[in-house]
Amino acid sequence: MTHLRRSLGTASIVFALIAAGTLQAAAPSGTDLWGGPAAKGIGTNATFDTNIYVTSVGAASGSIDFLLGGVTLASVPFTVPTYGVAVVAAPAAVDGRGAFLYHLRSDASVNAWSETYNDTPAGRYGTVSTAFPVSDFLAPGDEAWGGGADASSSSAAGRARTNVGVLCSPLSTQGCAVEVAAFDAGSPAGVGQIFTVPGSVGQQSLAVLLPGTAEKSKLSVRFRMLTGAGLAYAIKNDNQTSDGSNLSLSVSRGAFSTAPVIASFTISPSSGCPPLTVTATWSTTGADHVNITGAAGDLATSGSATLTVVSAGDITLTAVALSGATATSTRKITLQPPTNPPTPTPSTATVGTGQVVTGSIPVAYTGTLVTVTFDAHQSTGSTFTVNGNQFTYTAGSTIGTDVVRLTVPGGACGPATATFTATVIAPGDPAIVFFSADPARGCGSSTNVILNWQTLNTSQVTINPVIAPFGLAPNGSVGWTIAGTTVFTLNAFPLLGGEAIQQSITVPVDTQAYTPLPTPNNIIVPASSGFVYVTVTGVPDPTLLLYVLVQSRSGGQFASTDTPGLFTYKPGPFTGLDIVRIFYSNGCGPAFAEFMATVN
Numbered sequence: 000m001t002h003l004r005r006s007l008g009t010a011s012i013v014f015a016l017i018a019a020g021t022l023q024a025a026a027p028s029g030t031d032l033w034g035g036p037a038a039k040g041i042g043t044n045a046t047f048d049t050n051i052y053v054t055s056v057g058a059a060s061g062s063i064d065f066l067l068g069g070v071t072l073a074s075v076p077f078t079v080p081t082y083g084v085a086v087v088a089a090p091a092a093v094d095g096r097g098a099f100l101y102h103l104r105s106d107a108s109v110n111a112w113s114e115t116y117n118d119t120p121a122g123r124y125g126t127v128s129t130a131f132p133v134s135d136f137l138a139p140g141d142e143a144w145g146g147g148a149d150a151s152s153s154s155a156a157g158r159a160r161t162n163v164g165v166l167c168s169p170l171s172t173q174g175c176a177v178e179v180a181a182f183d184a185g186s187p188a189g190v191g192q193i194f195t196v197p198g199s200v201g202q203q204s205l206a207v208l209l210p211g212t213a214e215k216s217k218l219s220v221r222f223r224m225l226t227g228a229g230l231a232y233a234i235k236n237d238n239q240t241s242d243g244s245n246l247s248l249s250v251s252r253g254a255f256s257t258a259p260v261i262a263s264f265t266i267s268p269s270s271g272c273p274p275l276t277v278t279a280t281w282s283t284t285g286a287d288h289v290n291i292t293g294a295a296g297d298l299a300t301s302g303s304a305t306l307t308v309v310s311a312g313d314i315t316l317t318a319v320a321l322s323g324a325t326a327t328s329t330r331k332i333t334l335q336p337p338t339n340p341p342t343p344t345p346s347t348a349t350v351g352t353g354q355v356v357t358g359s360i361p362v363a364y365t366g367t368l369v370t371v372t373f374d375a376h377q378s379t380g381s382t383f384t385v386n387g388n389q390f391t392y393t394a395g396s397t398i399g400t401d402v403v404r405l406t407v408p409g410g411a412c413g414p415a416t417a418t419f420t421a422t423v424i425a426p427g428d429p430a431i432v433f434f435s436a437d438p439a440r441g442c443g444s445s446t447n448v449i450l451n452w453q454t455l456n457t458s459q460v461t462i463n464p465v466i467a468p469f470g471l472a473p474n475g476s477v478g479w480t481i482a483g484t485t486v487f488t489l490n491a492f493p494l495l496g497g498e499a500i501q502q503s504i505t506v507p508v509d510t511q512a513y514t515p516l517p518t519p520n521n522i523i524v525p526a527s528s529g530f531v532y533v534t535v536t537g538v539p540d541p542t543l544l545l546y547v548l549v550q551s552r553s554g555g556q557f558a559s560t561d562t563p564g565l566f567t568y569k570p571g572p573f574t575g576l577d578i579v580r581i582f583y584s585n586g587c588g589p590a591f592a593e594f595m596a597t598v599n
C-alpha cells in the first residue's frame, strides 16, 4: 500500500510520493476493479477528500460507481488516453456520508488507486489504497493477517491510531461479518466483530472495538470472514498529522471452519408405540439457530422441545451458522408395530329383519380369539358370531341399528378394535344402500359420468334423466353424458309394488379451473404481532377452498373463519418465512396460490 504526503518548505513546495509497495508485485489490472475505503467530508481532526487515479497503457473508458449502505449514490464516467491518467474526484453525493467503496468498470484493462487526503497548513496527509479484482474478496472461512497496528491516543511522535474495517461486496448474498482479533507480543489482546450490509463499509477504531488494545503498539491483527464476501483492512493514522498507511495483510483461504458445533443432542424416549411423544434436548456453539425434524420454525441454539413421532425413522438436528454452514446430528426412533385392527368385510350392511349377512375378517386373525361386543343393540335378538376368519350376522326381529365391536389382543402397543354396523329394516321395504356419480364434478361442455347404485328389496330402479325404457337392475351402474350441472334422481320400486323411494345427487359442471387470489399474499410482519385477515377471491364457490401450511419458520398459524373465503394469519414468535398454499379444486382440476409472510 502507499500514502501521499506534501510538505511545505520555506521557499518552495516539494511533492513526494512515497510508494511503500514499490518493490512488490505490480498493482492488479483489469476491466472490473473494486476499491476503498474512501471518504469525503468532515472526519476526526480532518476534512477529507478522495481522488481515484486510473491509468492504462492503452486508451480506455468506463465509469466508477460510488457505493454506501448497499446503494449506488453516484456513477462518474472517465476516459484514459494511451499511457495516460484519469483523475476522478469523489462526487458530492458521498460528501459527509462516511466511508464508502467504489466499483470501476472499463472497456480495456486499467489499474487504479485512490488517495484519501487531508490538506492542512503543514502539508497534505493521506492514505493510498490500490484497487483490486473481485477475486480478492474474502469468503467465509478465509483469514487475513498483518502487523504494526497502534491503538494509542498519544500525540507523541511516532504514535498512531488504527482503524479496522471491511469492504462488503454488493454482490454478497449476505451481510459481511468479520471477526477482528488483536495480539500483543503474541498474547491475545481482544476479539470483536464488525458487521455491515452488502455494498457498504463497516469500520471501527481498534481501541474502541477491542478495549484491551488501548495505548498499545506493535500489535498484530487477524481478520476472519464469518459471513458474506468482503475485504478486510487496517489503516494506521499518525496522531499528529492524520497521515495514514494501510497495514499489509496476508490472506489464507479456507483457514478455518465457519460450521457450528453440536455439543449434545438427545431424544428421550428413543422407542415406544405410535403416536410417541419425545423430548429433544440439544446444545450447540457457533450456531445462529437450529432446525429439528418434526419441529416447526427455527429453534434456539440450545434448549429442548417436545415432538410427536408417528412413524419410525431418524430425527435430525441441523445447526445453522450465520455463514450458512451447517452441522447435523441424527438420532433414530424405534416404534413398535401397532396391532392391526380386525376390520370386517363388509363393515356395514342394510338388511331386513331375520336376514343374514356373512363376511370375513383379516386372515391374520384366523384361530385368534376375537372378542365380540355390541356397542348398540337395537334389533331384538340379533347375533354376531366368528368362526375362524369368517363372521355371520343375523338380524333380529325388530328394526334398528346394531353396532358390533370386534377386539383382538394387542402386542406391545395394546389391543385393536374395529366395528360392524347393521341397519335393520322391515321386511319388504325397499332401501337405497348408496347412489353415487364418478366423477362427482364435471368440466366443460360435455362430461361423461358413471352412476353407481345398490338397493335392497327392489324390483327395479329408474334414474332421471337417464333413458332406460325397461328400467334398470336393482344394483348396477350406467354411463351418461351431461352438458351442464345435472340432478340425477334414483327411484327404487318395491318388490310387491307400491310407491318408489327416491334419492337424488347433483353433479355440478364447471366451465374452467379457477386460481384463488389471496389478498394480501406477501407481507412482512413483526414476530408475535396481531392477526392478519386474508381474503381469497377469484373463485365462484369459496366453500371449496382448502389450505396447506407448507412452511412455518416462525411457528405462525393460518386458519379459516366462519365466512367462506376469509382466513386469518397469526405470526409466530420466531423470525423466518411462512408459506401457506391455498387450493381450489373443481371438476376442471385443482389450482393454487401461495400466501407468504416474512416474520422479523
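In numbering that gives the first Met the number 0, the protein residues as written are 0 to 599. Just so it is clear, CB atoms sit at the ideal spot from N, CA and C, and this is done for glycine as well.
Can you tell me whether residue i is helix, strand or coil according to DSSP?
| i | result |
| --- | --- |
| Val350 | strand |
| Leu208 | helix |
| Cys587 | coil |
| Leu246 | coil |
| Asp64 | strand |
| Val533 | strand |
| Ser553 | coil |
| Pro36 | strand |
| Arg104 | strand |
| Tyr364 | helix |
| Ser134 | helix |
| Leu543 | helix |
| Val196 | coil |
On the DSSP bridge assignment, give the partners of residue i in chain order.
| i | result |
| --- | --- |
| Ala596 | Ile522, Asp577 |
| Phe255 | Paired residue(s): none; Phe255 is not in a bridge. |
| Arg404 | Thr372, Thr418 |
| Val277 | Leu306 |
| Arg223 | Glu142, Glu178 |
| Glu114 | Asn50, Val127 |
| Ser328 | Leu316 |
| Gly158 | Looking at the sequence itself, residue 158 is Arg, so the reference to Gly does not match. DSSP lists no partner for Arg158. |
Just to confirm before moving on: does the CB-CB distance between residue i and residue j stay below 9 angstroms?
| i | j | result |
| --- | --- | --- |
| Pro507 | Gly443 | no |
| Ala430 | Thr349 | yes |
| Thr461 | Phe433 | no |
| Thr422 | Tyr392 | no |
| Leu209 | Ala159 | no |
| Tyr232 | Leu166 | yes |
| Thr315 | Thr300 | no |
| Leu321 | Thr226 | yes |
| Ile261 | Ala318 | yes |
| Asp297 | Gly555 | no |
| Asn602 | Gln202 | Because the chain is modelled from 0 through 599, residue 602 falls outside the range shown and cannot be assessed. |
| Ala188 | Lys217 | no |
Excluding the 5 residues preceding and the 5 following residue i in the sequence, name in chain order all residues of the same chain whose CB lies nearer than 7 angstroms to its CB.
| i | result |
| --- | --- |
| Pro169 | Leu66, Gly69, Pro197, Gly198 |
| Pro345 | Gly358 |
| Ile481 | Gly441, Thr446, Val448, Val506, Val508 |
| Asn490 | Val460, Thr461, Ala499, Gln501 |
| Pro541 | Val535, Pro563, Gly564 |
| Thr9 | In this prediction, Thr9 has a pLDDT of 22, which is less than 50 and means its spatial position is unreliable; nothing more can be read from the coordinates. |
Buried or exposed: residue i, going by 16 or more other Cβ atoms within 10 Å of its Cβ?
| i | result |
| --- | --- |
| Phe573 | buried |
| Phe222 | buried |
| Asn456 | buried |
| Thr129 | buried |
| Leu548 | exposed |
| Asn585 | buried |
| Ser113 | buried |
| Val355 | exposed |
| Gly145 | buried |
| Met224 | buried |
| Thr21 | Confidence in Thr21 is poor, its pLDDT being 30 and thus under 50, which makes the residue's placement unreliable; the coordinate value appears in the next sentence. By the 10 Å Cβ count, Thr21 comes out exposed. |
| Ser614 | In the structure as shown, the chain starts at 0 and stops at 599, and residue 614 therefore has no counterpart that could be examined. |
Which same chain residues, not among the five before or five after residue i, have their C-beta less than 6 angstroms away from its C-beta?
| i | result |
| --- | --- |
| Thr307 | Pro274, Thr276 |
| Thr536 | Leu516 |
| Ser249 | Trp144 |
| Gly427 | Asn456 |
| Phe264 | Trp281, Leu316, Ser328 |
Please work out which residues of its chain come closer than 8 angstroms, Cβ to Cβ, to residue i, disregarding the five sequence neighbours upstream and downstream, and give them in chain order.
| i | result |
| --- | --- |
| Gln23 | Only weak support is given to the placement of Gln23: the predicted model assigns it a pLDDT of 38, under 50, and the question is left unresolved by the model. |
| Ala436 | Val448, Ile449, Leu450, Asn451, Phe487, Ile504, Val506 |
| Pro132 | Pro27, Gly29, Asp31, Leu32, Trp33 |
| Val289 | Trp281, Thr283, Asp297, Leu298, Ala299, Thr300, Leu316, Thr317, Ala318, Val319 |
If you measure from the beta carbon of residue i to each beta carbon in chain C, is any gap under 9 angstroms?
| i | result |
| --- | --- |
| Ala348 | Reference to chain C is not applicable here, since this structure consists of a single protein chain. |
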